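In the numbering used here, the protein residues as written are 32 to 302. Structure first, commentary second.
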């Protein structure tokens, strides 16, 4: 029987590349995003690999849209085997500058969107003894400067994934969490932050990445098959995580130095 996968944020970037990686193995795909034009493009690319699926507009902030998506998977596929909670948005800014609205938006999409995705699909996954793949970020582990709301949301995704790993083992539902560093993607399209300089700095990091979304999708595929829970696609990310485990204070000092440099760079643009 053909395996079935649901992906949020499938209209572009990593979500699209995950769809294409699993499509090459003949999976049937339920593709969800708020970007309907992007979804149609992803489905067309999926069909070029001789796989198939369907698209459904879904805003992960709205639980009723996620339960409707789960219902559609039940009706069209007879269930689901893997869900990928990938939809996310970018933001940045020093804590003092971020508004509470910035916080609400970030938590609503990047954290509660994943919570709601897991909640909506859990009954189907328990039946199929399926798999949850949550896309977090190295920000969940490293908490870089000028992105506190993003760091907190992604750390929440990691903590949720750890909780589910423990709670769902008896139900034979597998759980994985992916923590990529910056990679070449269109994440900046959704960027919200108080200063243009911050967006420009994040843009430089994205452009300078040696790894593409397709590379990350390949790595996720390999690590999920190997049964790895915490998936760190970037070599630099793996090294940074080892350093934090050995000597967290050194890392905090380095990050504080980075914050000073970022503030200095941002000042001229605000003059």
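Each residue gets a CB set at the ideal place from its N, CA and C atoms; glycine is no exception. These numbers come from a predicted model, not from an experiment.
Among the residues of its own chain, which have a CB less than 6 Å from the CB of residue i, if the five just before and after it don't count?
i, result
"residue 100", "63, 87, 89"
"residue 118", "39, 40, 91, 144"
"residue 125", "177"
"residue 167", "185, 188, 189, 208, 210"
"residue 48", "244, 245, 248"
"residue 156", "204"
"residue 169", "210, 212, 268"
Hey, quick one: how far does the alpha helix (DSSP H) through residue i stretch, first residue to last?
i, result
"residue 148", "143-159"
"residue 78", "67-79"
"residue 188", "179-198"
For the ligand PLP, any of its heavy atoms closer than 7 Å to the Cβ of residue i?
i, result
"residue 118", "Questions concerning the ligand PLP fall outside what the structure shown contains, since it holds no ligand whatsoever."
Return the chain-ordered list of same chain residues with a C-beta closer than 8 Å to the C-beta of residue i, the five sequence neighbours on each side being excluded.
i, result
"residue 83", "59, 60, 77"
"residue 286", "173, 174, 175, 176"
Can you tell me which of the three DSSP states residue i falls into?
i, result
"residue 169", "coil"
"residue 49", "helix"
"residue 127", "coil"
"residue 88", "strand"
"residue 207", "strand"
"residue 262", "strand"
"residue 247", "helix"
"residue 63", "strand"
"residue 43", "coil"
"residue 32", "coil"
Start and end of the beta strand (DSSP E) containing residue i?
i, result
"residue 107", "Not the beta strand (DSSP E): residue 107 falls in the alpha helix (DSSP H), residues 94-108."
"residue 140", "Residue 140 -> no beta strand (DSSP E), and no H or E assigned at all."
"residue 115", "113-116"
"residue 35", "35-39"
Can you give the beta carbon distance from residue i to residue j, rounded, assuming they're within the 8 Å contact cut?
i, j, result
"residue 111", "residue 152", "6 Å"
"residue 137", "residue 181", "6 Å"
"residue 140", "residue 120", "5 Å"
"residue 161", "residue 113", "6 Å"
By Cβ distance below 7 Å, which residues in the same chain neighbour residue i in space, the five residues on each side in sequence not counted?
i, result
"residue 57", "33, 82"
"residue 269", "263"
"residue 267", "212"
"residue 50", "38, 41, 60, 62, 73, 77"
Handout entry: Whole alpha helix (DSSP H) elements within the region 267-302, 4-residue minimum
Key = 279-301
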